[in-house]
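For reference, the structure is listed below as structure tokens.
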Amino acid sequence: MNDKINRGQLVRTYIGEGLAPFKFEYKGYHGDSWKFERNMKGAVQTISIYPYRFDQSMITFELYTNVKNSEYASKIGTNVVSASMLDGIVSNSQIRGYWQYGNEQELIQVLGEMKDVLIKKGMKILVELSKGLEEPDTAEMYREVYFHHDELCEKFIEKTGIVVTGFDEENIDRWFEVIEERTAILKQGDYEDAKEELMEIAAFLGNQLVKYLGGRWFHYLSENHESCGVE
-14 MNDKINRGQL VRTYIGEGLA PFKFEYKGYH GDSWKFERNM KGAVQTISIY PYRFDQSMIT
46 FELYTNVKNS EYASKIGTNV VSASMLDGIV SNSQIRGYWQ YGNEQELIQV LGEMKDVLIK
106 KGMKILVELS KGLEEPDTAE MYREVYFHHD ELCEKFIEKT GIVVTGFDEE NIDRWFEVIE
166 ERTAILKQGD YEDAKEELME IAAFLGNQLV KYLGGRWFHY LSENHESCGV E
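The sequence shown runs -14 to 216 under our numbering.
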């Protein structure tokens, strides 16, 4: 491996710019890892990119939040989710969840693949990790979003006049401005009255991931848990 590769600069560029539309900010290099954070409703969500300590030509990531009573973390037995734990992950090394590279161009390609995984799979994990045990989501809401996401999405577009012309920083900034305005209004009222529009927001964002990033809606159902999302 070429020791002159400026890994930090490449991580900030190819991961940082990809995460910027989702309000993640680069927080520096700490403990042999490059960290990106965003604050969502009081939960600090962190993406940590770091090399394999036994082989510096391999790189991976982990996800965690500052939420101490995460229902999802209790379910999986840890509040730190590594890349190797994600379903359906494909990397190019013999170690699951690690990407290997030998030169700058290969690292750029690897970081692009990691960015896609973070957007398509990592964001959902961070949202789950941010939910406390008292989170009021219900099975009925998940079913409604999964089976009626197109109708809910259209209702949100018609209600807000939100414009969708692509999946770029300008569009995403505009979406979140509208969503933040709507959620601020919803917080002033009763949760029961806000549930319908919260489902509309979830359906709208999910449909954009499906349309522009090739995602698909999924419905998860077990004896003790029900949810839906986009992967």
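Each residue gets a CB set at the ideal place from its N, CA and C atoms; glycine is no exception.
| Asked | Found |
| --- | --- |
| With 16 other Cβ atoms within 10 Å as the buried cut-off, status of Phe7 | buried |
| Segments assigned alpha helix (DSSP H), at least 4 residues, entirely inside the stretch 62 to 102 | 89 to 102 |
| Cβ neighbours of Val(-4) in the same chain (closer than 6 Å, five flanking residues each side left out) | Trp19, Ile34 |
| Sub-8 Å separation of Lys140 and Glu185 beta-carbons | yes |
| Glu47 - containing beta strand (DSSP E), residue span | 40 to 50 |
| Selection from Leu114, Thr168, Leu137 that minimises the alpha carbon distance to Thr50 | Leu114 |
| Status (buried if at least 16 other CB within 10 Å, exposed otherwise) for His134 | buried |
| For Val130, the three-state DSSP class (helix, strand or coil) | helix |
| Reference Phe189; option with closest CA among Glu177, Ile157, Asp175 | Ile157 |
| Proximity to Gly191 [Cα-Cα], best of Glu181, Ile61, Trp202, Thr150 | Trp202 |
| Among Glu177, Tyr205, Thr145, Lys105, nearest to Gln193 - alpha-carbon criterion | Lys105 |
| Rounded straight-line distance, which links the Cα of Val29 to that of Arg23 | 6 Å |
| Buried versus exposed, by CB contacts within 10 Å (16 or more), Ala187 | buried |
| Whole-Å CB distance - Phe161 paired with Leu198, under 8 Å assumed | Wrong, their Cβ atoms sit about 16 Å apart, outside the cutoff. |
| CB of Ile32 within 8 Å of CB of Phe39, strictly | no |
| For Gly82 and Ser76, the rounded distance between their alpha carbons | 6 Å |
| Buried or exposed (CB count within 10 angstroms, at least 16 for buried), Met99 | buried |
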